[in-house]
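Each remark here refers to the structure printed beneath this line.
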Amino acid sequence: MTHHQPAARPAEPIRQFIIKAHSRCNLACTYCYLYAAQDQGWRHRPRAVAPRVAERTAHRIAEHAATHRLRDVAVVLHGGEPLLAGADRLAADVERLRRTVPARVHASVQTNATLLTPDRVARLRDARIRVGVSLDGGRPAHNAARVDLAGRPGWPAAAAGLRLLAATAPEAYAGVLCVVDLRHDPVEVYDSLLAFAPPAIDLLLPHGNWTTPPPGLPAPAADPAPYGRWLTAVFDRWWRADRRETRVRLFEECVALLLGVPAATERLGLQPFTAAVVETDGSIEQVDSLKSAYEGAAATGMDVFRNSFDDVLAHPGVAARQAGLAALGAACRACPLVTVCGGGHYAHRYLAGSGFRNRSVYCADLAFLIRHIGSRLASAAGAGGHPPREVVR
């Protein structure tokens, strides 16, 4: 068994429901952890969600919200490429959820932007669905790995879709998600993304682990924290700006945790992780990032027809992700940075034969980043200043 049994603690209800609107993608990014990595379960699932699956999913979310008296839930329409299902279908699914769930439903869609058109953007905006866009930087060269199924660059359509979203529906624009690529200059990538006026940027480390390391790791002795150094270069550019140009969630989370403010994220901190995925066939899984570890890592054996989301909370893998400090190995528990790092992303701890009770494969990088941000905070405090309040909100 690869998931260890954590110490018992009260389960936190699921608050984020990631719904696979379509199981295929119109791009074939060469680094994609979902389609080009260890788990190939997507091949055996229906492309789109059947009406009975969508209806049952809405009722299961409603049941969970009522049981736990949740006031708000987040629903993320995901894929594949969710817009392959059509903007009208996405809007109808969200409208069903809002009719059914006894809580405020905060809906968003994560797209590669290549299928955004004026009509689709307007439909999503009118349905109060926020739109997040995945992009690897603001220049064609940054996105060379993002190609369509025929090997053609996806950049022109993605850039046009993102500009359309920013210009015509800024109230629906959630931000840009960008995977760190060591081959590209960090400040250049950040500045190029700012050209799309994103309200927020998510900088993500490539999914990898001790068995299947990410690019550039293990790091050479000359630069033991290449990802940490890349991120700190962006942090300094962001931190020193005369005005807040955008939110960078990774940095805000780190600043908050260093100041003792709880931050519930998948990447940092010890707060319980409270997300679940519903696949196109109604299967309930853990988050997709686990599929970068091994075949079936995200599976729970449950579905919306036979199981409630409370059943999911009892799954050992879900319990492990909610166990906080108890889920970590001895080295992590003894580390002075553990309340900020939280052991890093769960999927990045995997080692075949020993499971997830290991340091993150990015341990040195996270330590470098956290100490760097801590030193910037200390310098600001020593100078009689303090970080702007919005940085730690």
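Heads up: the sequence shown is residues 1335 to 1727, going by my numbering.
Yeah, the Cβ is synthetic: ideal placement off N, Cα and C, and Gly gets one too.
Values in this document were obtained by computation on a predicted structure and should not be read as measured data.
(request) Keeping to the same chain, check which residues put their C-beta closer than 6 Å to that of Ser1617; ignore five residues upstream and five downstream. (result) Asp1637
(request) Could you give the DSSP three-state label for Ile1704: helix, strand or coil? (result) Annotated three-state conformation of Ile1704 is helix, per DSSP.
(request) Tell me, please, which residues DSSP counts as bridged to Pro1554. (result) Answer by DSSP bridge pairing: none, since Pro1554 is not bridged.
(request) Quick one: using the 10 Å Cβ neighbour count with 16 as the cut-off for buried, is Val1595 buried or exposed? (result) exposed
(request) Return the first residue and the last residue of the alpha helix (DSSP H) that Ala1508 is part of. (result) Element bounds for Ala1508: not the alpha helix (DSSP H) but the beta strand (DSSP E), 1507-1513.
(message) Count Cβ pairs between the stretch 1640-1654 and the stretch 1501-1509 that sit closer than 8 Å; are there 3 or more?
(response) no
(message) Please state whether the Cβ-Cβ distance between Ala1559 and Phe1702 is less than 8 Å.
(response) yes
(message) Can you list, in chain order, the residues of its chain with a C-beta nearer than 8 Å to that of Leu1361? Leave out the 5 residues immediately preceding and following it.
(response) Glu1415, Asn1446, Thr1448, Arg1480, Val1481, Asp1482, Leu1483, Gly1488
(request) Within 10 angstroms of the Cβ of Ala1475, are there 16 or more other Cβ atoms? Answer buried if so, exposed if not. (result) exposed
(message) For the pair the stretch 1518-1531 and the stretch 1549-1558, tell me if three or more CB-CB distances fall below 8 Å.
(response) no
(message) For Ser1442 and Val1410, which I take to be in contact (beta-carbon distance under 8 Å), what is that distance rounded to the nearest angstrom?
(response) 5 Å
(request) Could you work out which residue in Ala1556, Glu1579, Thr1545 is closest to Gly1687 when comparing CA atoms only? (result) Thr1545
(request) Reducing DSSP to helix, strand and coil, say where Thr1566 ends up. (result) Thr1566: helix per DSSP, three-state reduction.
(request) With a 10 Å radius around its C-beta and 16 neighbouring C-beta atoms as the bar for buried, classify His1505 as buried or exposed. (result) Contrary to the premise, residue 1505 reads as Glu rather than His in this sequence. By the Cβ-count criterion, Glu1505 is exposed, with fewer than 16 other Cβ atoms from all chains shown falling within 10 Å of its own Cβ.
(request) With DSSP as the reference, label Arg1459 as helix, strand or coil. (result) helix
(request) Report the three-state DSSP secondary structure of Asp1699 (helix, strand or coil). (result) helix
(request) Can you tell me which of Ala1425, Ser1623, Pro1670 puts its alpha carbon nearest to the alpha carbon of Leu1538? (result) Ser1623
(request) Buried or exposed for Ala1555, please, with buried defined as at least 16 other CB atoms from any protein chain shown within 10 angstroms of its CB. (result) exposed
(request) Return the first residue and the last residue of the alpha helix (DSSP H) that Asp1425 is part of. (result) In the sequence under discussion, the amino acid at residue 1425 is Ala, which differs from the Asp named in the question. Unbroken alpha helix (DSSP H) run through Ala1425: 1421-1434.
(request) Identify whether Ile1352 lies in helix, strand or coil by the three-state DSSP scheme. (result) strand
(request) Look at Ala1609 and Phe1643 and say whether their C-beta atoms are less than 8 Å apart. (result) no
(message) Going by beta-carbon coordinates alone, are His1356 and Ala1419 separated by less than 8 Å?
(response) Contact: yes.
(request) Determine the closest residue to Gly1603 out of Ala1461, Leu1431, Ala1425, Ile1704, with distance taken between C-alpha atoms. (result) Ile1704
(message) From the DSSP secondary-structure annotation, give me the bridge partner or partners of Val1465.
(response) Val1443, Tyr1507
(request) Could you tell me the distance, in whole angstroms, from the CA atom of Pro1452 to the CA atom of Ser1713? (result) 47 Å
(message) In whole angstroms, give me the CA-to-CA distance for Ala1660 and Ala1421.
(response) So the two alpha carbons sit approximately 42 Å from each other.
(message) Does Asp1645 come out as helix, strand or coil in the three-state DSSP assignment?
(response) helix
(message) Does the beta-carbon of Pro1533, which I'm using as the reference point, lie nearer than 7 Å to any heavy atom of the ligand GTP?
(response) With respect to the ligand GTP, the structure offers nothing, as it holds no ligand at all.
(message) For chain C, check one thing: does any of its Cβ atoms lie closer than 8 Å to the Cβ of Leu1411?
(response) Chain labels in this structure do not include chain C; a single protein chain is all it has.
(message) What does DSSP give as the partner residue(s) for Leu1417 in the beta ladder?
(response) In the DSSP secondary-structure assignment, Leu1417 is not bridged to any residue.
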